[in-house]
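Working notes for the structure below.
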Amino acid sequence: MRPRFACLKRSVFRVDERLVTSQADLEDLLAELPAVPYIADQGSQMRWRHIGPRIEGLLGVPAEELVADPELWAAHAHPDDRHRVQWRHHMTLFCDSEPPAVEYRMISRDGRLVWLADRAVLGEASDGSKVWKGVLHDITDRKAVEHDLERTAARQGAIAQLAEGALVGSGADALLQAAVSLAAKIDGVEQSFVWERQEGGGPLMLRAGLRVEGGISDWRLLSAGPGTHVASVGAGEPLVVADWDRETRLVMPDALKGLGIRSSLAVAIEGDGDSHFGVLDVHSTSPGRFDAEDTHFLSTAAGILAGAQRRHGADEELRQQVLHDPLTGLPNRGLFEESVAAALASGFASGTSVAVLFLDIDRFKLINDSLGHHAGDDLLSAIAPRLRRQLRPGDSVARFGGDEFGVLAHEVGGDEDAVRIAERIAASFEAPFVLEGVEHFITVSVGLASAAPGPVADDDAVSLIRNADAAMYRAKDQGRARIEVFDHAMKTRAIERLAVERELRLAIDREELILHYQPIIALPGGSITGVEALVRWRHPQRGLLQPGEFIPVAEESGLIEPIGRWVQEQACLQVLAWQQLRPDARPLDVSVNLSARQVARPDVAQTVADVLVRTGLDPGHLCLEITETVLMEDSGVAETAIGALHALGVRIALDDFGTGYSSLAYLHRFPFDSLKIDRSFIEGLGTEPEAEAIVAAIVGMARALSLDVVGEGVETTEQLAELNGLGCDFAQGYLFARPLPPEEITGLLAAADEAAAYVPERPAIVPVMAPPSSNTV
75 MRPRFACLKR
85 SVFRVDERLV
95 TSQADLEDLL
105 AELPAVPYIA
115 DQGSQMRWRH
125 IGPRIEGLLG
135 VPAEELVADP
145 ELWAAHAHPD
155 DRHRVQWRHH
165 MTLFCDSEPP
175 AVEYRMISRD
185 GRLVWLADRA
195 VLGEASDGSK
205 VWKGVLHDIT
215 DRKAVEHDLE
225 RTAARQGAIA
235 QLAEGALVGS
245 GADALLQAAV
255 SLAAKIDGVE
265 QSFVWERQEG
275 GGPLMLRAGL
285 RVEGGISDWR
295 LLSAGPGTHV
305 ASVGAGEPLV
315 VADWDRETRL
325 VMPDALKGLG
335 IRSSLAVAIE
345 GDGDSHFGVL
355 DVHSTSPGRF
365 DAEDTHFLST
375 AAGILAGAQR
385 RHGADEELRQ
395 QVLHDPLTGL
405 PNRGLFEESV
415 AAALASGFAS
425 GTSVAVLFLD
435 IDRFKLINDS
445 LGHHAGDDLL
455 SAIAPRLRRQ
465 LRPGDSVARF
475 GGDEFGVLAH
485 EVGGDEDAVR
495 IAERIAASFE
505 APFVLEGVEH
515 FITVSVGLAS
525 AAPGPVADDD
535 AVSLIRNADA
545 AMYRAKDQGR
555 ARIEVFDHAM
565 KTRAIERLAV
575 ERELRLAIDR
585 EELILHYQPI
595 IALPGGSITG
605 VEALVRWRHP
615 QRGLLQPGEF
625 IPVAEESGLI
635 EPIGRWVQEQ
645 ACLQVLAWQQ
655 LRPDARPLDV
665 SVNLSARQVA
675 RPDVAQTVAD
685 VLVRTGLDPG
695 HLCLEITETV
705 LMEDSGVAET
715 AIGALHALGV
725 RIALDDFGTG
735 YSSLAYLHRF
745 PFDSLKIDRS
755 FIEGLGTEPE
765 AEAIVAAIVG
775 MARALSLDVV
785 GEGVETTEQL
795 AELNGLGCDF
805 AQGYLFARPL
815 PPEEITGLLA
825 AADEAAAYVP
835 ERPAIVPVMA
845 PPSSNTV
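Just so we're on the same page, this note's numbering is the position in the sequence shown counted from 1, plus 74.
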């Protein structure tokens, strides 16, 4: 039996030896695998029965320790992932289904972050209990690549979003705040700011920053003094502070010290030329946080901000040009209206009144025309700072154009308070203005309108300015150098004017406007050589309205321009029809008045040319009448306009001659073809020697300048005889005919032609007397 027992012992030994060898080989194989196999009890505690030795290389924890200490695995799990993983394992107690693979983070013994992919199935152990049989894969590198890709995509999206905001013109503050918010796309950034450099140097101003509870969100102004990182950023040279605890070059701003900042990155926001707008910076509580990719991302964002700031600066410059008067630098009427609207809204909120002062320089045209435009510009430039000095804090002054200014007064205590402001402004004009070395004393007429606090409508600002304008005109009418307050009577008249304006707009569309024509008679023969077109309004309720009842409103509202074009076209068509009706007679001329507003338009000549083309009238048969007041508005503009009109071949007449103070100068400067003596001089003919002397002088002067002369307002045969005797060329007035509808003029022409055929030496027109009425277009 002993030999057989010895043989069996040797066989068992050989089996044990082979088993030991196989176990060693298995362990060597497991150590070489890129994954870590494991067997663990079912449940959430992760009690390990076996785990591959490679786990020590991943976590720095030997497999034996993990098997011996059931709580060690959970201790090394990332806090944000621990419960999720435990819940996954716990749920398998209630179901037999295979759980999905899970990815989670572990923290190694030396603090490294390790990503693991955990794939397991439920199986049975040799004792029949259920266990996890799974494999752990190290996916840290893959997760790093995925994170980089996600970070790159997020940054690209942030840059695109910032660029879109810059392109669509987002407000400067909103764009800067968007930039600091998007800068937080850098991992680990706790704070981000935009600092703005001030003109002339000095501390940088905080323009935008991430909100911090109880901290930076409440700061209005933050100074980064010399030596700080933001003050040290040069244009195009990003600056990285890896660890403030070890930084020796720069000083951390006090504001950052309380935030626990350890590392910072700052880049310049370029400006115009060699300067730069400011600095965009980000901060982290971790040292060594920022790398080259972070610098590139922040520099790109700063570049977008720089471009937006340059565009914003260009827009502001354009806004400055559009909304400010180039001569005085004051806001213009458009910006003034915006300011008044804002003041009314603010006054409603605070319960305070707002006042507008409308200023007009008295006899400014006398300075402008006698000393020249340069002297007028010098005066306006000197008036602007004098007005500024009289303003209270918060009030503003604007130039409306010409010699008109507006003053906006906030928080006034009614009309009395506003009048005191106006009196102070008027008193500032008592000191003389020195122009070309000579003192000139200037006065100002002021109109005032105030608004009590109340709900604000869209047109309240325009209405308030219009009311002040109306009060200013009353000051002019009352003798100038006065202050007038807009009152209820003015308000009633203003409401009436608004009603007229509203109805007049409808009248154009409803074709309620008509033309009457007054003959112009050649002297001494008495033939009709032309007519003057005079507009009338056939009002549905008020009847036939004369020009004086609506033309001033049309002038003020701008409706005179469409009305003027309509008058020109209708008059040209009508006189062309008369010419075709009388092919053997001398072609009639037609005279049409041009308003100051029409003359001031740069396209006035083109408008007239278009009318002539559409109607087919010979330009030589159209006469445009311009009053001296039109020339006084802006003689430079008028000179350009009249020159362009004259070049078309139309005739130009100076209407109401003798009523201005510089008529002789106008005759010398402008290419007039004729002048019309004002009716105030014609009235005295035959009864006043002085009137006869003036008319004789005008006729003689016109002869010397090769101008035709028309006597207006002829109502008596004595006046006609005097004009004939003085050699006047033409006459016009009620002695011959009042302004008549076209069909009545047709009858007069037929009668005149018939009379001339039988008694050629006899005047063709039989005087028709009628009650005087305005014939001003």
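From the three backbone atoms N, C-alpha and C, an ideal C-beta is built for every residue, glycine too.
Between the beta-carbon of Pro361 and that of Asp317 there is about 4 Å, and that keeps the pair under the 8 Å contact cut.
Under the three-pair Cβ rule at 8 Å, the segment 443–450 does not count as touching the segment 538–549.
A contact between stretches requires three or more CB pairs, one per stretch, nearer than 8 Å, and the segment 699–719 fails this requirement with the segment 760–773.
Taking the CA atoms as reference points, Glu702 sits about 7 Å from Asp730.
In this structure the segment 553–573 does not touch the segment 456–468; the number of beta carbon pairs closer than 8 Å is below three. The segment 785–802 makes no contact with the segment 570–585, as fewer than three CB pairs between them are under 8 Å.
When secondary structure is reduced to three states using DSSP, Gly475 falls in the strand class.
When C-beta atoms of the segment 575–589 are compared with those of the segment 765–773, fewer than three pairs fall below 8 Å, so the two segments do not count as touching. Beyond the five residues adjoining it in sequence on each side, His152 comes within less than 8 Å, by CB distance, of Tyr178, Arg179, Met180, Ile181, Leu187 in the same chain, given in chain order.
Spatial neighbours of Val341 in its own chain (CB-CB distance under 6 Å, excluding positions within 5 residues in sequence) are listed in chain order as Pro312, Leu354, Leu372, Ser373, Ala376.
Setting aside the 5 residues that flank it on each side, Gln383 is surrounded in the same chain by Phe351, each with a C-beta closer than 6 Å to its C-beta; the list follows chain order.
In this structure, DSSP gives Cys646 a helical state, which the three-state scheme calls helix. Distance from the CA of Glu789 to the CA of Pro813, rounded to the nearest whole angstrom, comes to 13 Å. Taking C-beta separations shorter than 8 Å and ignoring five residues to either side along the sequence, the partners of Leu668 in its chain run Gly638, Val678, Leu698, Glu699, Ile700, Val704, following chain order. Asp319 sits exposed, since fewer than 16 C-beta atoms from the chains shown fall within 10 Å of its C-beta.
A straight line joining the alpha-carbon of Met326 with that of Ser266 spans about 14 Å.
Leu587 and Leu741 have their C-alpha atoms roughly 34 Å apart. Remark: C-beta atoms of Leu797 and Asp747 do not approach each other more closely than 8 Å. Between Gly821 and Val783, the alpha-carbon positions lie close to 27 Å from each other.
The three-state secondary structure of Ala568, taken from DSSP, is helix.
Note on Val687: under 16 other CB atoms within 10 angstroms of its CB, so exposed under the neighbour-count rule. Listed as beta-bridge partners of Ser358 by DSSP are Ser337. Residue burial is scored here from C-beta neighbours: Glu817 has fewer than 16 other C-beta atoms within 10 angstroms and is therefore classed as exposed. Note that the C-beta distance between Arg183 and Leu133 is below 8 Å. For Ser631, the enclosing alpha helix (DSSP H) covers residues 625–631. Cβ-Cβ separation between Ser427 and Gly487: approximately 7 Å, consistent with a contact (criterion under 8 Å). About 6 Å separates the Cβ atoms of Ala253 and Leu379, confirming a contact at the 8 Å cut-off.
Remark: C-beta atoms of Leu482 and Val414 approach each other more closely than 8 Å.
Under the three-state reduction of DSSP output, Pro467 falls in the coil class, being neither helix nor strand. Taken through DSSP and simplified to helix, strand or coil, Val704 comes out as helix. In this structure Phe432 is in contact with Ala542, their Cβ atoms being roughly 4 Å apart against a cut-off of 8 Å.
The beta carbons of Ile125 and Ala137 sit closer together than 8 Å. One thing to note: Arg610 has its Cβ within 8 Å of the Cβ of His590. For Gly131, the enclosing alpha helix (DSSP H) begins and ends at 129–133. For the set Glu145, Ile516, Ala458, Val627, the Cα lying nearest the Cα of Ile569 is the one of Val627. Residue pairing by DSSP places Pro405 opposite His398 in a beta bridge.
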